[in-house]
Every structure is written in structure tokens, then in C-alpha cells.
Amino acid sequence: MSRPIILGIVGDSAPGKTTLTKGIAQVLGPENVTVICTDDYHKYDRKQRAEIGITALHPDCNYLDIMQQHLSQLRTGQPILKPVYSHTTGSFEPPVYIKPNKFVIVEGLLGYSTRGARDSYDVKVYLAPPESVRAQWKVKRDTQKRGYTEEQVLEELRKREPDSEQFIRPQRQWSDIVVSFYPPNDEVEQINGHLNVRLVLRPTIPHPDFLQIINYGDGHLESAIRLGLDRDMSKPVDVLEVDGHATLEQVNKLEHIICGDMPHLKSICDREGNPELGKVAGTTGETIQSYPLALTQLLITYHMLKATQMYQ
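Oh and the sequence shown: position 88 is 88 in full-length UniProt numbering, straight run, nothing missing.
So, in C-alpha cells, the structure goes:
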């Protein structure tokens with residue numbers, strides 16, 4: 001019997017979780033995807049956290065046992081009554097009844113913090129942009145969408161840093177893929193669709209055969225698409241890097257490697273430029289097509305579809 005396929009996307013506040021999720025859900029079909037946020041499992045609202053002196057990143061500020069229980073239920077196709085935390089008001093709203101679709105995307109701060117939760121995912125992704133980039137994204141989001149001043153956001157980042165270091169970043173070790181979007185030449189101001197991406201690919205799940213890109217003449221240091229070996233948290237990994245200035249021709253080669261043995265994705269790859277993927281807001285609010293983002297979304301979608309084949 002088939003069951004929902006569950007993707008985890010974990011990272012600190014404002015690393016791009018929602019942007020990444022949107023493209024993946026678009027390819028899988030929004031009607032086939034349930035998206036939930038583990039930040040809804042906070043124990044305390046914003047006012048209570050300030051009074052107690054605890055941040056939302058601390059495990060003691062979250063009902064991790066209930067989160068873990070709900071993930072286990074979703075994995076077996078059971079519905080849950082999920083709590084709802086409003087980032088706009090900083091308070092709780094009535095819980096909602098959630099019935100899982102074919103695919104469930106779980107995003108949030110502490111999704112890999114317990115063994116039981118980790119065992120619920122089919123694919124685990126960790127987002128790790130440079131801290132300078134994440135800080136800029138957080139300032140932009142929280143000032144434009146959540147009503148904070150820049151000074152308030154920067155102060156919050158300073159308060160959260162000890163908990164980020166102790167509880168959020170160590171979850172990187174449990175991921176199958178580590179995604180790091182970063183500006184070329186360390187130009188932090190260049191926060192737009194032309195970011196590069198560095199994908200750490202752990203051998204915990206079978207990745208597409210990216211060695212083929214070397215046969216195309218790519219994959220070397222001077223290329224806009226590079227493949228290499230490295231160590232991440234002391235363990236050997238493959239690393240795939242894609243520059244923001246990669247050409248459509250180079251990107252298409254990589255897309256066809258990913259789509260080659262996945263019929264559902266082949267139709268996506270045959271559409272030039274993948275209009276459904278890689279959409280990101282530019283610095284002035286316009287929509288930009290980012291090839292590194294599109295390829296990242298495509299690779300993660302590949303792994304979700306691969307997981308469905310195991311349970312058919």
C-alpha cells in the first residue's frame with residue numbers, strides 16, 4: 001500500500017525554505033502536496049517568550065514530542081490536528097485538520113531534532129546559506145512582511161545566535177542534501193537571482209550519476225558547473241556547484257541527467273528553461289529565473305519521486 005512521501009526542509013530563520021518549497025510543490029502538483037511548518041509547535045507565544053527569556057529556536061520552547069508524533073502519523077497516512085502559530089501576530093490560532101496528500105513537505109527550525117522525527121522523512125534537506133546572506137534575507141522579510149524595524153531584526157539575530165549554534169546548525173549532519181546559496185565573489189549585496197549554489201550530496205540516498213557532466217566537458221574548476229569530492233562534518237561527500245551565470249545549455253545538460261530515468265520529470269525537462277522552477281523575487285520585487293534554484297528544486301523533486309517508486 002502506498003503512503004505519503006515526506007520531505008524535510010530544515011534551516012535557521014529565513015534561509016529560503018519557503019522559496020525552495022514553492023517550486024517543488026509546483027512540479028509535483030499543488031493538489032498532491034501538503035505543506036506544514038514545524039514552527040507551529042511552539043509552546044509559547046511571542047509575548048511569553050520575551051517574558052521567560054527564551055528563543056523560538058530552543059527545544060524547550062517547542063512541543064517536539066507532539067511534532068514527532070504528528071510526523072509519524074502523517075507517514076502512515078493518518079490525519080493530524082495541527083497547531084497554528086501566526087508569525088504576523090506572534091500568537092496562536094485555532095488548530096487545523098490536516099489530511100496528508102501523496103507528498104508532504106515539512107519545513108521549519110527543529111525538524112531533525114529528535115530521532116523519531118528524523119525517521120519519518122524520506123528525504124532530508126538542510127539549508128545553509130552564509131550567515132551574512134541569511135541575515136540580509138531575514139531583515140528584508142521581517143521588515144517588509146512582519147512589521148519589524150531593521151534594528152529589531154538585527155537585535156533578534158544577536159539574541160538567537162547561541163541557540164542557532166547549539167540547536168539549529170548541528171541538524172546539518174542528519175541531512176541527505178545540504179543546500180548553500182551564496183553570492184559570487186562574496187558580494188553580499190548581490191542578493192538576487194544570480195546567486196550560486198553549493199550542493200553537498202551525502203551517500204545516504206542514491207543521487208543521479210553526475211559524473212556524466214564531466215563527459216560533457218563540464219565539471220571542472222573553470223566551468224560554471226563543477227563536481228568534486230569534499231568532507232562535510234568529517235564525512236566524505238560529493239559536492240555539486242552551479243554558478244548563477246551558467247548558460248541555459250549547461251543547465252539543460254544537468255537537467256537531463258536528473259530527468260533521465262524519471263518519466264514524470266522528463267516532460268518538465270523538455271520544456272525549455274523550466275518556467276515552473278527557479279522563480280525568486282529580485283531586489284526590486286520583480287520575478288527572476290534562477291538556474292541554480294531551479295536545479296536544486298529539480299534534484300529534490302527527483303528524490304521524492306524516486307522514493308515513491310520504492311513504495312509502489
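For each residue, glycine too, the CB sits at the ideal point set by N, CA and C.
Distance between residue j and residue i (C-alpha atoms, nearest Å)
i, j, result
"Leu-221", "Pro-208", "Low confidence applies to Leu-221: its pLDDT is 49, below 50, so where it sits in the model is not reliable, and the reading given next is rough at best. For Leu-221 and Pro-208, the distance between alpha carbons rounds to 20 Å."
"Tyr-126", "Lys-145", "24 Å"
"Pro-203", "Val-237", "7 Å"
"Val-33", "Ala-117", "19 Å"
"Ala-246", "Lys-47", "46 Å"
"Thr-296", "Leu-248", "15 Å"
"Arg-231", "Glu-93", "43 Å"
"Lys-22", "Pro-100", "17 Å"
"Phe-210", "Gln-78", "37 Å"
"Ser-120", "Ile-24", "19 Å"
"Glu-151", "Asp-176", "36 Å"
"Lys-266", "Asp-163", "42 Å"
"Leu-229", "Leu-20", "25 Å"
"Glu-286", "Glu-255", "25 Å"
"Asn-185", "Met-67", "40 Å"
Proximity of residue i and residue j at Cβ, strictly below 8 Å
i, j, result
"Asp-122", "Ile-6", "yes"
"Ala-128", "Gly-11", "yes"
"Met-304", "Phe-103", "yes"
"Arg-134", "Ala-56", "no"
"Leu-74", "Ser-113", "no"
"Leu-28", "Thr-301", "yes"
"Leu-157", "Lys-138", "yes"
"Tyr-41", "Pro-83", "yes"
"Lys-235", "Trp-174", "no"
8 Å Cβ shell around residue i - same chain, five flanking residues per side excluded
i, result
"residue 324", "What the structure shows of the chain is the stretch from 1 to 312, and residue 324 is not part of that stretch, so it cannot be assessed."
"Glu-290", "The residue asked about is misnamed: residue 290 is Ser in this sequence, not Glu. Gly-193, His-194, Leu-195, Gly-244, Gly-278, Lys-279, Val-280, listed in sequence order."
"His-264", "Leu-305"
"Tyr-182", "Pro-129, Pro-130, Val-133, Leu-195, Asn-196, Val-197, Arg-198"
"Thr-76", "Arg-3"
"Ile-54", "Tyr-44, Asp-60, Cys-61"
Closest residue to residue i among the options (Cα-Cα distance)
i, options, result
"Gln-250", "Val-239, Met-262, Pro-236, Ala-294", "Ala-294"
"Thr-143", "His-87, Gln-173, Asp-39", "His-87"
"Val-178", "Arg-169, Pro-184, Asn-185", "Arg-169"
"Arg-198", "Ser-175, Ile-225, Gln-173, Pro-206", "Ile-225"
"Leu-154", "Ser-234, Asp-261, Gln-136", "Gln-136"
"Ala-50", "Arg-160, Asp-119, Ile-300", "Arg-160"
"Thr-18", "Val-139, Gly-108, His-70, Ile-205", "Gly-108"
"Ile-105", "Val-84, Gly-260, Glu-255, Pro-30", "Pro-30"
"Asp-261", "Pro-206, Pro-292, Ser-234", "Pro-206"
"Leu-71", "Ile-36, Gly-53, Asn-62, Met-233", "Ile-36"
"Tyr-85", "Asp-39, Pro-184, Ile-52, Asp-163", "Asp-39"
"His-16", "Glu-286, Ser-180, Glu-165", "One detail in the question is off: residue 16 reads as Gly in this sequence, not His. Nearest C-alpha to Gly-16: Ser-180."
Whole-angstrom C-beta distance between residue j and residue i, which should lie under 8 Å
i, j, result
"Val-200", "Val-239", "6 Å"
"Ile-258", "Leu-298", "5 Å"
"Tyr-213", "Lys-253", "Note that residue 213 corresponds to Ile in the displayed sequence, not to Tyr. The Cβ separation is near 7 Å, so the contact holds."
"Phe-167", "Pro-292", "The pair is not a contact, with the Cβ atoms about 28 Å apart (cut-off 8 Å)."
Close Cβ partners of residue i (< 7 Å) along its chain, the five nearest in sequence each way excluded
i, result
"Thr-308", "Ile-5"
Same chain, Cβ closer than 6 Å to residue i, five either side skipped, listed in chain order
i, result
"Leu-91", "The sequence shown places Ser at residue 91, rather than the Leu named in the question. Excluding residues within five positions, the ones whose Cβ falls inside 6 Å are Asp-45."
"Met-233", "Gln-173"
beta-carbon residue i near the ligand HEM non-hydrogen atom, thresh 7 Å
i, result
"Pro-83", "The ligand HEM is not part of this structure, which contains no ligands at all."
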